[in-house]
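To start, the structure itself, in structure tokens.
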Amino acid sequence: MSARTTLATAARVLRQLRSDHRTIALLLVVPTLLMVLLRYVFDGSPVTFNSIGLPLLAIFPFVTMFLVTSVAMLRERTSGTLERLLTTPMGKLDLLMGYALAFAVATLLQVGVASAVAFTWLNLEAPGGVAPVVLIALADALLGMSLGLLVSAFAATEFQAVQFLPAIVLPQFLLCGLLAPRDQMLDLLRWISDVLPLSYAVDGMTRLRTEGSFTGQVGTDLAVVVACTVVALALGAATLRRRTA
Amino acid sequence: MARAAVEVTNLMVDRLGRPVLRGLTFDIPPGQITGLLGPSGSGKSTLLRCLVGVQRIRSGDVTVLGQAAGSPALRRSVGYVTQSPSVYSDLSVGDNLRYFAAVARAPAGAADRALEQVGLADRAGDLVGNLSGGQKARVSLACALVGSPTLLVLDEPTVGLDPVLRRDLWALFHTLADSGATLIVSSHVMDEAARCDRLLLLRDGRIVADDTPEQVRLHTGTDDLEEAFLRLAEKEEAVA
Ligand SMILES: Nc1ncnc2c1ncn2[C@@H]1O[C@H](COP(=O)(O)OP(=O)(O)OP(=O)(O)O)[C@@H](O)[C@H]1O
Ligand SMILES: [Mg+2]
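Note that the protein sequences, when read in sequence, are chains Y and B.
Numbered according to the numbering used here, the first sequence terminates at residue 276, and the numbering increases by one at each position without gaps.
Numbered according to the numbering used here, the second sequence terminates at residue 241, and the numbering increases by one at each position without gaps.
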């Protein structure tokens, strides 16, 4: 591990993101616009807006970072830059931490803009304050990043990488408790939902709202998300093979 | 003579179940330019990947600067340029250089120096994606030079370059070799073979010649290296 290499990698990834103005704009604007849309779709039912809006603040960065990372990593593999980096003194951990740091910055911007609009203009309620919301959103973004990193090893083209979104993200979205409460699902679906990390992200946000503060339960949910992130990162690191066929 | 920079013994590599390198044994002397020549598909890139430790091998030993190829201690001393440029096309030339300099733990100023060496000092601000093919190849080369490696493994670094640039780059390679670096340069352009101190001719995963250019000419009875290579290939076919 080298701090200089990690920071240089984070700066490089951010520079690549910044040079792509359209992606940056989409990254920052789309979640905010969707929140606005949601608010007016549920114009007559502020309770529904509040119960869906808060978890959505965590799901947006999860989805974006999943997509961005899987494509960025795939490019790194296919352009030969990964092979070149692996012949340098850079450690795999330097690369992964560099990506994590860069995407944490991008997430803070994304969640910052979306929360600012949601909590002021749209009157979304955050009973426990904004900080825990941002914390959970950040953890979800890093979860999305590590899953994206992992699936990029199984994609040979950008088409395939993008197809992993419906394959990996949509089932989690359907089962995470946002569309139907998890305790009312069929047993089998609830068991599946119990082992999917996004469920805990949404549970955390929901509990934050119903319990009104960052309780121990919320902390447990957050810990599950973080643990899943670490496991996915370790598996992803194992796919960064120095020697290939 | 000093210890060989690279020692390869009985190296065998399969790719997709097909044998690509069929038992290579050779040494590469330090401080020299060794040219790796051979027809397309003969296994040049595969062999270079073995030297930098990114190729899975079936059997054999590859020792680089006294250590197993690809071992962590070697990564500061080996520079590798892949056949197609491996740089970030969405970053500027300077940003690429500075990034690879940080990764190679090179001192400040190394990035500018490397850009000067490949003649791109005036393009530091340009996006790599907007460069010509030959310019991209030179950025990729500069990103390997930036760590001042003692062993440079270059896979067709002069492909697509005009004669003037090719001459300049070969002059640079000789300067680096004179200052003690070992270079291994693959090519299938025969006029470049004459600029090497040693030649390794590869054909179908086997070595058909491992000698100085003079000796290759002498043994094949021709002054023309292109002709010499053809005669070697024919002789090989007659044996087979
Ligand atoms: N990524 C790969 N996966 C599987 N097989 C490969 C791969 N790259 C090359 N090969 C096979 O290995 C053999 C040698 O290829 P290699 O790239 O080493 O040749 P080369 O001498 O560098 O050719 P060229 O001069 O065209 O670059 C070829 O038969 C090729 O089909
Ligand atoms: Mg090749």
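Glycine included, C-beta positions come from ideal geometry on N, C-alpha and C.
With DSSP collapsed to three states, give me the class of D198/B.
In this structure, DSSP gives D198/B a state outside helix and strand, which the three-state scheme calls coil.
Which residues, in chain order, does the region 239-256 of chain Y contribute to contact with chain B at a C-beta distance below 9 angstroms?
For the region 239-256 of chain Y, which is checked against every Cβ of chain B, not one residue is closer than 9 angstroms.
What's the gap between the Cα of M2/B and the Cα of G32/B?
Confidence at M2/B is low in this model, with a pLDDT of 47, below 50, so the placement of that residue is unreliable and no value is reported for it.
Can you check whether the CB of G208/Y is closer than 8 angstroms to the CB of F97/Y?
Here F97/Y is not near G208/Y, since their CB atoms are 8 angstroms or more apart.
Taking 7 angstroms as the limit between beta carbons, can you name the residues of its chain near L38/Y, skipping five residues before and five after?
Excluding the 5 residues flanking it on each side, L38/Y has no same chain C-beta neighbour closer than 7 angstroms.
So which residues put a beta carbon under 6 angstroms from any heavy atom of ligand 1, going in chain order?
Result (chain order): R16/B, L17/B, V21/B, G39/B, S41/B, G42/B, S43/B, G44/B, K45/B, S46/B, T47/B, Q84/B, H189/B.
Indicate whether at least one CB of chain B lies closer than 8 angstroms to the CB of T118/Y.
So, interface residue.
Quick check on this structure: which residue in S90/B, R196/B, L177/B, L202/B has the alpha carbon closest to the alpha carbon of S110/Y?
Residue S90/B is the option with its Cα nearest to S110/Y.
Quick one: list the residues of chain B neighbouring T54/Y, beta-carbon separation under 7 angstroms, in chain order.
Within chain B, no residue comes near T54/Y; the closest Cβ sits about 10 angstroms away, beyond 7 angstroms.
Same chain, Cβ closer than 6 angstroms to A107/B, five either side skipped, listed in chain order
Non-local beta-carbon contacts of A107/B in its own chain, meaning distances under 6 angstroms to residues more than five positions away in sequence, involve V147, G148 in chain order.
Is there at least one Cβ from chain B nearer than 8 angstroms to M128/Y's Cβ?
Chain B contact via Cβ: absent.
For S93/B, which option in A172/Y, L85/Y, L48/Y has the closest C-alpha, if you only look at C-alpha atoms?
Checking every option, the nearest Cα to that of S93/B belongs to L48/Y.
R274/Y versus G54/B - alpha carbon distance:
Each residue's alpha carbon lies about 7 angstroms from the other.
Counting beta carbon pairs with one atom in the region 169-178 of chain Y and one in the region 222-233 of chain Y, are three or more of them shorter than 8 angstroms?
Yes, the region 222-233 of chain Y touches the region 169-178 of chain Y.
Mind listing which residues of the region 96-113 of chain B have their C-beta closer than 7 angstroms to chain Y's C-betas, in chain order?
So the list reads D96, Y100, A103, V104, A105, R106, given in the order they occur along the chain.
For D15/B, I'd like the list of residues in its chain whose CB is within less than 7 angstroms of its CB, leaving aside the five on either flank, ordered along the chain.
Excluding the 5 residues flanking it on each side, D15/B has same chain C-beta neighbours closer than 7 angstroms at V21, R59, in chain order.
Going by beta carbon distance, what residues of the same chain come within less than 6 angstroms of V165/Y, once the five residues before and after it are set aside?
Excluding the 5 residues flanking it on each side, V165/Y has same chain C-beta neighbours closer than 6 angstroms at V142, in chain order.
Check the Cβ of R76/B against every Cβ in chain Y and list those closer than 7 angstroms, keeping chain order.
T118, T119, P120, listed in chain order.
Spell out a yes or no on whether the region 37-53 of chain B and the region 185-199 of chain B are touching, meaning 3 or more CB-CB pairs, one atom from each, closer than 8 angstroms.
Contact between the region 37-53 of chain B and the region 185-199 of chain B is present, because at least three Cβ pairs lie under 8 angstroms.
Sub-8 angstroms separation of L88/Y and A162/Y beta-carbons
Their beta carbons are not under 8 angstroms apart, which means L88/Y does not touch A162/Y by this criterion.
My guess is that A143/B and L121/B are in contact by the Cβ rule of under 8 angstroms, so how many angstroms apart are they, rounded?
A143/B to L121/B, Cβ: 7 angstroms. Contact.
Could you tell me whether the Cβ of T176/B comes closer than 8 angstroms to any Cβ of chain Y?
T176/B is outside the set of residues whose beta carbon lies under 8 angstroms from a beta carbon in chain Y.
Which chain Y residues sit within Cβ distance under 9 angstroms of F56/B?
Here residue 56/B turns out to be Gln, not Phe, going by the sequence shown. Simply R274, T275, A276.
Would you list, in chain order, the members of the region 216-227 of chain Y that have their beta-carbon closer than 8 angstroms to a beta-carbon of chain B?
Those residues of the region 216-227 of chain Y that come within reach of chain B (Cβ to Cβ, closer than 8 angstroms) do not exist; the list is empty.
At a Cβ cut of 7 angstroms, what residues of the region 137-159 of chain Y count as close to chain B, listed as they run along the chain?
The region 137-159 of chain Y vs chain B, Cβ under 7 angstroms: nothing.
In angstroms with no decimal places, state the Cα-to-Cα distance between N81/Y and F204/Y.
Each residue's CA atom was taken as its position, placing N81/Y and F204/Y some 18 angstroms apart.
Within the present structure, is the beta-carbon of D242/B separated from the nearest heavy atom of ligand 2 by less than 7 angstroms?
This structure leaves residue 242/B out entirely; chain B is present only between 2 and 241.
Determine whether the beta carbon atoms of V65/B and A145/B lie at a separation below 8 angstroms.
No. Outside cutoff.
Within 10 angstroms of the Cβ of V94/Y, are there 16 or more other Cβ atoms? Answer buried if so, exposed if not.
Buried.
Just tell me which of T176/B, G134/B, V129/B has its CA closest to the CA of T151/B.
Nearest C-alpha to T151/B: T176/B.
Residues near M121/Y by beta carbon distance below 6 angstroms, same chain, minus five either side
Correct list, in chain order: T36.
Between the beta-carbon of L202/B and the beta-carbon of A210/B, is there less than 8 angstroms?
Against a cut-off of 8 angstroms, the Cβ pair of A210/B and L202/B comes out as a contact.
Closer than 7 angstroms: is that where the CB of E157/B sits relative to any heavy atom of ligand 2?
Indeed, a heavy atom of ligand 2 lies less than 7 angstroms from the Cβ.
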